[in-house]
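Numbering (the numbering used here), first residue to last: 6 to 380.
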């Protein structure tokens with residue numbers, strides 16, 4: 006009987022990828038494998054046909070020969086439909102299926118990515134706003150120079166794990182399925198150490214410190230973090246290293262507080278300046294500016310100085326500096342100063358509500374309240 010085209014057997018086009026071919030074979034094998042169809046000769050024939058197609062199309066050289074010459078280019082001989090000498094068990098056929106799911110192809114050791122590390126970096130407000138390059142020292146794990154990173158006593162070598170035979174994984178049979186798990190004896194390394202290195206105690210690594218340069222961009226704030234790719238802990242079994250995350254903490258400033266892109270500061274002014282008005286210098290992060298105080302300014306008045314705040318690290322306009330004035334009450338007065346203030350208070354009272362409108366308004370409200378209460 007003429008053989009069917011292998012692409013038709015698997016139900017894939019002639020330009021199918023390796024992944025498509027594997028997926029098609031898995032689907033057919035799940036359906037027709039003899040272990041799942043005991044006594045069904047038709048299923049055996051279809052499985053053998055699918056396996057023959059997969060053996061050819063999954064091999065680049067065989068596939069190339071088949072594409073050029075058809076079955077004549079790959080047939081070397083072989084048994085009939087009932088010959089399953091090369092079929093393998095159901096678990097063998099699907100070993101690579103579960104190897105892909107549980108950590109690489111069947112028979113291969115699993116690598117493990119190194120863990121990520123965190124470094125807390127404290128910055129002044131000035132450095133956080135302007136940006137800065139900072140040198141930091143962090144602990145790191147390096148190969149032990151005494152054992153060469155093997156973990157074995159100098160002069161000896163790790164031995165092949167007797168449990169997994171050096172593969173690093175063991176196979177667990179569950180019904181029709183075979184699931185690969187990390188070997189409990191060697192924990193995936195494929196080797197065991199009979200005598201540990203006395204310097205690294207069998208770990209193969211020692212802790213040292215390394216210096217890194219961190220470029221802090223302008224505008225960072227507390228809670229922001231900078232990722233240094235590959236600067237975390239070294240991976241195991243040849244796995245990639247983790248990353249280092251630099252966590253930003255901006256220190257309190259004696260003058261300014263920050264809210265998003267704006268800066269805030271308290272500006273105390275004298276009683277006289279508040280009453281008569283005037284000008285005073287206020288600081289910014291890049292110099293100083295003159296702030297004009299109008300006559301009659303009250304405590305809590307806000308003054309905005311444009312574009313003297315922070316340029317956000319993620320983009321956007323520069324914020325503002327917002328100054329909140331507080332009128333400072335004089336303390337430690339001399340007798341003469343007290344007399345002058347008393348004279349001033351009497352002259353102000355003669356003017357009625359014209360000089361103290363808020364005070365008189367409040368007193369009128371209190372009086373009305375007491376009248377309603379019958380007090």
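Cβ coordinates follow ideal geometry from the N, Cα and C atoms, glycine included. These figures come from a predicted structure and were not determined experimentally.
Local Cβ density within 10 Å of residue i, reported as buried at 16 or more and exposed below that
| i | result |
| --- | --- |
| residue 174 | buried |
| residue 155 | buried |
| residue 29 | buried |
| residue 36 | exposed |
| residue 284 | exposed |
| residue 111 | Interpretation of residue 111 is limited by its pLDDT of 38, a score under 50 that renders its predicted location unreliable; the figure taken from the coordinates is listed afterwards. Counting Cβ neighbours within 10 Å, residue 111 comes out buried, since at least 16 surround it. |
| residue 33 | buried |
| residue 49 | buried |
| residue 257 | exposed |
Backbone secondary structure at residue i - three-state DSSP
| i | result |
| --- | --- |
| residue 300 | coil |
| residue 13 | helix |
| residue 232 | strand |
| residue 259 | coil |
| residue 162 | coil |
| residue 176 | strand |
| residue 238 | coil |
| residue 218 | strand |
| residue 3 | With the chain covering only 6 through 380, there is no way to say anything about residue 3. |
| residue 317 | coil |
| residue 211 | strand |
| residue 1 | In this structure the chain extends from 6 to 380, so residue 1 is not present and cannot be described. |
| residue 192 | coil |
| residue 272 | strand |
Rounded Cβ spacing between residue i and residue j (contact assumed at less than 8 Å)
| i | j | result |
| --- | --- | --- |
| residue 197 | residue 220 | Rounded, the Cβ-Cβ distance is 44 Å, inconsistent with contact. |
| residue 143 | residue 249 | 7 Å |
| residue 299 | residue 282 | 5 Å |
| residue 294 | residue 133 | That belief does not hold up - the Cβ atoms of residue 294 and residue 133 are roughly 21 Å apart, past 8 Å. |
| residue 204 | residue 151 | 4 Å |
Reference residue i; option with closest CA among the options
| i | options | result |
| --- | --- | --- |
| residue 279 | 304, 247 and 258 | 304 |
| residue 124 | 145, 132 and 137 | 145 |
| residue 317 | 223, 344 and 78 | 223 |
| residue 206 | 252, 148, 229 and 270 | 148 |
| residue 117 | 352, 247, 353 and 348 | 247 |
| residue 169 | 132, 133, 190 and 134 | 190 |
| residue 54 | 63, 9 and 39 | 9 |
| residue 213 | 136, 237 and 186 | 237 |
| residue 153 | 64, 211 and 199 | 211 |
| residue 233 | 297, 252 and 336 | 252 |
| residue 51 | 39, 297, 122 and 337 | 39 |
| residue 218 | 121, 139, 43 and 314 | 139 |
| residue 334 | 346, 193 and 56 | 346 |
Does the region 263 to 272 come within contact of the region 122 to 129, defined as at least 3 CB pairs closer than 8 Å?
no
On the three-pair Cβ rule with 8 Å, is the region 54 to 68 touching the region 14 to 34?
yes
Could you say if the region 322 to 335 and the region 307 to 314 meet the contact criterion of at least three C-beta pairs nearer than 8 Å?
yes
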